[in-house]
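If you read the sequences in order, they're chains A and B.
Numbering (the numbering used here) for the first sequence: 23 to 297.
Numbering (the numbering used here) for the second sequence: 1158 to 1341.
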Amino acid sequence: MSRVLSYVEKDTWIHRLSGVTKLVFFLLWSITSMVSYDTRVLAVMLVLSVVIFKASKTSWKQVGSVFKFIMFFLCLNVLAIYIFSPEQGVKIYGTKHVLVSLAGNYDLTKEQLFYELNVILKYFTVIPAVLMFIVTTDPSEFAASLNKIGVSYYIGYAVAIALRYIPDVQDDYAKIKRAQEARGIEMSKKAKFMDRVKSIAAIIFPLIFSSMDRIDVVSNAMQLRGFGKNRRRTWYSAKPLKKNDWVALTFTVIFCVGAFIITFINGSRFYNPFV
Amino acid sequence: MKKLFGVKEVVAAGIGTAIFVALTQVQIPIAFIPNTSLQPRTALLAFFAAIFGPVVGGVIGLLGHALGDAIAYGSVWWSWVFPEALLGIVIGLFSSKFQIKEGGFKGKQVILFNIVQIAANALAWALLAPGLDILIYSEPVNKVFVQGMIAMISNIIVVGILGTLIGVAYTQIGAKAHSLTKED
């Protein structure tokens, strides 16, 4: 289970920001890049993403394998869009500049390339933000931040438990897998399709049942300590908002509002260079 | 009166999400269509929703999918996160009917579970996911519907086989706790 992102403690200004700030940034940032198809906005966001990513001093080792994996899916997705809908760009931008004539409606058009460029840009604006959020936010502080922005502490605690137990469950998974392999169940990619389904079931069953026991143990322990008795609770790992947080928050809000205005000022989500 | 979101549900949602995230990497890819594969984690979601109800199902779907995608793929495809939550909520709404914990998950309940999961999967993947893809990402219509249909079919198969089997197996273990009868 090496291909997984996790929090790494470092000392940069991004690590020192409160989890609330980073959560708000992450949400607003991904919403903006989701909504906007404006190439200019996306390009600026891309540059900022890379700058922020650099500032977080995240090393390639931490994110490299995940990044390669995303690139693989990105390529598949871009190809699939072309195969299923080679005229999507023409439909959106309303003009048709053919670059290379191909059979059927598979003409390679400038519009299609431009549309797919936007799709790729969207990926690239979000990826650094997500990676940065995960590798710089302390999980328990993240739960505290959720509570701070108004989410019920029950949900906040569910998140904290989830983050706390992901490594444990992964450990269990690996242990059960090895045990089943020792019993002679083929787990590798060599096995046939149905055999693989069966072998996965052979891991999932013990994993789920042992987890059901764990749920009982943990919830009994929490009940004994009086969890849920009061309407509010305090958080050990919560960080108060400091000056830098307010600066970052203000910047994020202003930037996203600006991005929305620029995106929608010409009446649609798309920036059209063809007319 | 059982609380809809008590201590046990908090823990179930948390640990359920953890398993869901851990299982994100366990996939059996199908064919060429990107981002779709047989995902055992959906069976887990259905099982937890069927036992602990709609809130737990919704939380695991939403959080598990968003967190799992973020950790494993580094990007969150929001238009597929919400359908996952919807799936958990819809299955969870019928949780009291399945009687998995009470040891009564057989025959009629199994059929009901599968009817509900097929309806919920259809609603989530054939309707909501492509709809959101078009609305949020302006993706080509036929591409997202093909992806949606494949996701729907593969999830129905996974939940139908794996989810049902987990439920049946668990109901036999769980029954022990309730095999005592009250003495008059």
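For glycine and all other residues, C-beta sits at the position ideal for the given N, C-alpha and C.
Rounding to the nearest angstrom, what Cα-Cα distance links A/W35 and A/S78 in this structure? 8 Å
With a threshold of 7 Å on Cβ separation, who are the neighbours of B/I1228 within its own chain once the five nearest residues in sequence on each side are excluded? V1178
Quick check on the burial criterion: 16 or more other C-beta atoms within 10 angstroms. Buried or exposed for A/K76? exposed
If you draw a straight line from the alpha carbon of B/L1250 to that of A/Q110, how long is it in whole angstroms? 39 Å
Quick check on A/C97: buried or exposed, where buried means 16 or more other Cβ atoms within 10 Å of its Cβ? exposed
Taking Cβ positions only, does A/G250 come closer than 9 Å to chain B? yes
For B/S1194, which three-state DSSP category applies? strand
Per DSSP, what kind of secondary structure is A/V120 in: helix, strand or coil? DSSP places A/V120 in strand when its eight states are reduced to three.
Can you list, in chain order, the residues of its chain whose CB lies under 6 Å from that of A/I207, leaving out five sequence neighbours each side? S221, A224
Tell me the DSSP bridge mates of A/F292? In the DSSP secondary-structure assignment, A/F292 is bridged to A/Y59.
Using a Cβ cut-off of 9 Å, pull out every chain A residue sitting near B/L1322, in sequence order please. Within chain A, the residues near B/L1322 are A223, F227.
What is the C-beta distance between B/L1244 and B/N1278, in whole angstroms, given that I count them as a contact (C-beta under 8 Å)? 6 Å
Sequence-distant residues of its chain with Cβ nearer than 6 Å to A/S24 (five each side left out): Because A/S24 carries a pLDDT of 48, less than 50, the predicted location of this residue cannot be relied on, and no value is offered for it.
Give me the Cα-Cα distance between B/R1198 and A/K118, rounded to the nearest whole angstrom. 43 Å
Could you tell me the distance, in whole angstroms, from the CA atom of B/M1158 to the CA atom of B/L1202? Annotation note: pLDDT 35 at B/M1158 (below 50); position unreliable, coordinate value reported separately. B/M1158 and B/L1202: Cα-Cα distance of roughly 24 Å.
When the distance is taken between beta carbons, is B/P1297 closer than 9 Å to A/S107? yes
CB of B/S1232 within 9 Å of CB of B/A1286, strictly: No, Cβ-Cβ distance for B/S1232 and B/A1286 is not below 9 Å.
Kindly identify the DSSP beta-bridge partner or partners of A/L9. Not covered by the structure: residue 9 of chain A. The range shown for chain A is 23 to 297.
At the 9 Å Cβ level, is B/F1204 part of the contact set with chain A, yes or no? yes
Comparing the C-beta of A/M23 with each C-beta of chain B, is any distance below 9 Å? Low confidence applies here, because A/M23 scores a pLDDT of 41, under 50, leaving its location unreliable and the question unanswered by this model.
Helix, strand or coil: which one does DSSP assign to B/I1185? strand
By a C-beta neighbour count over all protein chains shown, 10 Å radius and 16 as the cutoff for buried, is B/N1299 buried or exposed? exposed
Taking the CB atoms as reference points, tell me whether B/V1164 and A/S241 lie closer together than 9 Å. yes
If you compare alpha carbons, which of B/I1246, B/F1270, B/V1247 is closest to B/I1257? Nearest C-alpha to B/I1257: B/F1270.
Report the three-state DSSP secondary structure of A/Y258 (helix, strand or coil). coil
If I measure Cβ to Cβ from A/G178 and keep anything under 6 Å in the same chain, skipping five residues before and after, which residues do I get? A165, L168, N169
Residue from B/Q1196, B/E1241, B/G1324 whose Cα sits closest to the Cα of B/F1204: B/G1324
Between B/W1282 and chain A, is there a C-beta pair that is closer than 9 Å? no
With 9 Å set as the bound, which would you pick, yes or no: does the beta-carbon of B/L1180 sit closer than that to a beta-carbon of chain A? For B/L1180, the closest Cβ of chain A is nearer than 9 Å.
Taking the straight line between their C-alpha atoms, what separation do you get for A/V57 and B/I1293? Spanning the two alpha carbons is a distance of roughly 6 Å.
Residues of its chain near A/G7, where Cβ-Cβ distance is below 8 Å and the 5 sequence neighbours each way are ignored: Outside the modelled stretch of chain A, which goes from 23 to 297, sits residue 7 of chain A, for which no answer is possible.
Could you confirm whether any beta carbon from chain A is found closer than 9 Å to the beta carbon of B/E1241? So, not an interface residue.
Among A/S28, A/C278, A/M67, A/M234, which one has its Cα closest to the Cα of B/I1120? Absent from the model: residue 1120 of chain B. The displayed extent of chain B is 1158 to 1341, so no value can be given.
Answer yes if the region 34-48 of chain A comes into contact with the region 260-278 of chain A, meaning at least three C-beta pairs across the two stretches below 8 Å, and no otherwise. yes
May I ask which residues mark the beginning and end of the alpha helix (DSSP H) holding B/T1174? 1164-1180
Would you tell me roughly how many angstroms separate the C-alpha atoms of A/F286 and B/H1222, rounded to the nearest one? Whole-angstrom Cα-Cα distance: 30 Å.
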